[in-house]
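S.K.: Dropping the structure in here first, questions after.
In our numbering, the protein residues as written are 44 to 416.
Here it is in structure tokens:
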């Protein structure tokens, strides 16, 4: 059973972010400036011993990989940003590729969405005034080959995670893709030319997007808590309109409180997740915690009730269910999504407790498998 944690590379400066958000911008900027919205709101989040690291330093990933492996994480799933040949935030994973001494498995999740200012809370939550910073386009055959050739050195890396001699590649929004079927066919052909049996393409389920099952999309990954929240329509649109009116018209000083926030129960969401049936190649996903108010401020979504003990319990249950369903991977959201308060890395409140929760769940899972034999 592999535990693969999603990994955000936005903890180093890039020229584009400096231009869009100001000199020195990284994800830490949003994390540091956040404030409580209501009493007992766990904000701002502070990394253990104020470790506001910089991923341009390869020693950081060496530390992360060692820490992850020690507590039972098998690998990282790096967000991959590619816009018709334009790369963003690629430096950390390229350093990983070129530093063979970093002992961690990994794969990619292509985050194939345009970048807009609403991602960091600017603009309207209704989506009417999104400023597009960089558009997502897919191109034609030559562009697809160029993209594959960039990915190929990673695919050939012994540390890259594969399934049946196929590199695993997650795609965030399959339904958004223009000529996706033709692109996947191209990639599979190119993969076979390079000694693979194709590509194990997985569609990430984070919303109610429709996509076509075909011979090139071999499975799915639950991207939680987004999938369960949206599929169960936990927030009524009429309520959101009232809430947005209050925020947009600056009535929040006297009216905004915990009961106007987008609040979810950690237990409720996890119980919904557990009860969903899965089959072979429908990989379960779990999440550590969630609160994206560092990015979206009062328009964010806040989960209440996560603790290391609860996370350990739900992780173990999902591992057991995955085993029965014929799957050997559970995806964890996330290793370092500090802007969503969704991370396994140690912080000032819980220390290493969430990492110990993984270690305990893995130990219990292995013990039961041993006695089952």
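Heads up, the beta-carbon is just placed ideally off N, CA and C, and yes, glycines get one too. Because the structure is a prediction, the values reported are computed rather than measured.
Output the distance between the C-alpha atoms of residue 208 and residue 383, rounded to the nearest integer angstrom.
M.R.: So the alpha carbons of these two residues sit roughly 34 Å apart.
S.K.: For residue 218, count neighbouring C-beta atoms within 10 Å of its own C-beta (all shown protein chains included) and say buried if the count is 16 or more, exposed if not.
M.R.: Exposed, because fewer than 16 other Cβ atoms sit within 10 Å of the Cβ of residue 218.
S.K.: For residue 343 and residue 408, I'd like the C-alpha separation in whole angstroms.
M.R.: Their Cα atoms are separated by approximately 35 Å.
S.K.: In whole angstroms, what is the alpha-carbon distance linking residue 54 and residue 71?
M.R.: Their backbone Cα atoms lie some 7 Å apart in a straight line.
S.K.: Over what stretch of residues does the beta strand (DSSP E) that includes residue 185 continue unbroken?
M.R.: That residue, residue 185, is in no beta strand (DSSP E); its alpha helix (DSSP H) goes 184-199.
S.K.: Taking 8 Å as the threshold, find out whether the segment 137-149 comes into contact with the segment 57-76 through three or more Cβ pairs.
M.R.: Result no; under three Cβ-Cβ pairs closer than 8 Å.
S.K.: Excluding the five sequence neighbours on either side, which residues of its own chain have a C-beta within less than 8 Å of the C-beta of residue 331, listed in chain order?
M.R.: Within the same chain, residue 331 has close Cβ partners 349, 354, 375, 376, 377, 385, 386, 387, 397.
S.K.: In whole angstroms, give me the CA-to-CA distance for residue 363 and residue 175.
M.R.: Rounded to whole angstroms, residue 363 to residue 175 spans 42 Å at the Cα level.
S.K.: Which residue from 86, 370, 229, 61 puts its Cα closest to that of residue 187?
M.R.: Checking every option, the nearest Cα to that of residue 187 belongs to 229.
S.K.: Cutting at 7 Å between CB atoms, please list the residues of its own chain near residue 159, excluding the five before and the five after it.
M.R.: Closer than 7 Å at the Cβ level, and outside the excluded window around residue 159, lie 173, 174, 175, 176.
S.K.: Quick one: measure Cβ to Cβ for residue 103 and residue 97, integer angstroms, because I've assumed they're closer than 8 Å.
M.R.: Right, the Cβ-Cβ distance comes to about 7 Å (below 8 Å), so this counts as a contact.
S.K.: Going by DSSP, what residues sit across from residue 307 in a beta bridge?
M.R.: In DSSP, residue 307 forms a bridge with 346.
S.K.: Drop a sphere of 10 angstroms on the beta-carbon of residue 109, count the other beta-carbons inside from all chains shown, and report buried for 16 or more, exposed for fewer.
M.R.: Under this definition residue 109 is an exposed residue.
S.K.: Report, in whole angstroms, the separation of the C-beta atoms of residue 77 and residue 336, which I expect to be a contact under 8 Å.
M.R.: Their Cβ separation, rounded to whole angstroms, is 6 Å, which keeps residue 77 and residue 336 in contact under 8 Å.
S.K.: Give the range of the beta strand (DSSP E) segment to which residue 262 is assigned.
M.R.: Counting along the chain, the beta strand (DSSP E) containing residue 262 begins and ends at 260-265.
S.K.: If you draw a straight line from the alpha carbon of residue 221 to that of residue 125, how long is it in whole angstroms?
M.R.: Cα to Cα, the separation comes out at about 15 Å.
S.K.: Among 197, 216, 201, which has the Cα closest to the Cα of residue 179?
M.R.: Per the Cα distances, 216.
S.K.: Could you check where the beta strand (DSSP E) with residue 369 kicks off and where it finishes?
M.R.: That residue, residue 369, is in no beta strand (DSSP E); it is neither H nor E in DSSP.
S.K.: Specify, as a first and last residue, the run of the beta strand (DSSP E) that residue 70 falls within.
M.R.: Where residue 70 is concerned, there is no enclosing beta strand (DSSP E), although the alpha helix (DSSP H) it sits in stretches over 70-76.
S.K.: Just reading off the alpha helix (DSSP H) that residue 223 is part of, what are its end residues?
M.R.: That run of the alpha helix (DSSP H) goes 223-236.
S.K.: Note down, in chain order, each residue of its chain lying with its Cβ closer than 7 Å to the Cβ of residue 390, except the 5 sequence neighbours on either side.
M.R.: Only 88, 89, 90, 91 meet the Cβ criterion.
S.K.: Over what stretch of residues does the beta strand (DSSP E) that includes residue 48 continue unbroken?
M.R.: Unbroken beta strand (DSSP E) run through residue 48: 45-50.
S.K.: Which residues does DSSP list as the beta-bridge partners of residue 152?
M.R.: Paired residue(s): 122, 213.
S.K.: Spatial neighbours of residue 394 within its chain, please: C-beta separation below 8 Å, excluding the five flanking residues on both sides.
M.R.: Same-chain partners within the cutoff: 91.
S.K.: Buried or exposed: which applies to residue 62, given that a residue is buried once 16 or more other Cβ atoms fall within 10 Å of its Cβ?
M.R.: The residue is exposed, with fewer than 16 neighbouring Cβ atoms inside 10 Å.
S.K.: In angstroms with no decimal places, state the Cα-to-Cα distance between residue 211 and residue 267.
M.R.: Approximately 19 Å, taken between the alpha carbons.
S.K.: Check whether the Cβ atoms of residue 371 and residue 328 lie closer than 8 Å to each other.
M.R.: No, the Cβ-Cβ distance between residue 371 and residue 328 is not below 8 Å.
S.K.: Go through its chain and collect everything with a Cβ distance to residue 405's Cβ below 6 Å, but skip five positions before and after it.
M.R.: 115.
S.K.: List the residues that DSSP assigns as beta-bridge partners of residue 131.
M.R.: Per DSSP, 124.
S.K.: When we look at the beta-carbon of residue 80 and count the other beta-carbons within 10 Å, is it buried (16 or more) or exposed?
M.R.: With 16 or more other Cβ atoms within 10 Å, it is buried.
S.K.: Use the C-beta contact count for residue 94: other C-beta atoms within 10 angstroms, 16 or more gives buried, fewer gives exposed.
M.R.: By the neighbour-count rule (16 or more Cβ atoms within 10 Å), residue 94 is not buried but exposed.
S.K.: I'd like the list of long-range same chain contacts for residue 373, defined as Cβ closer than 8 Å, with 5 residues on each side in sequence excluded.
M.R.: Same-chain partners within the cutoff: 44, 45, 46, 47, 326, 327, 328, 329, 358, 361, 362, 365.
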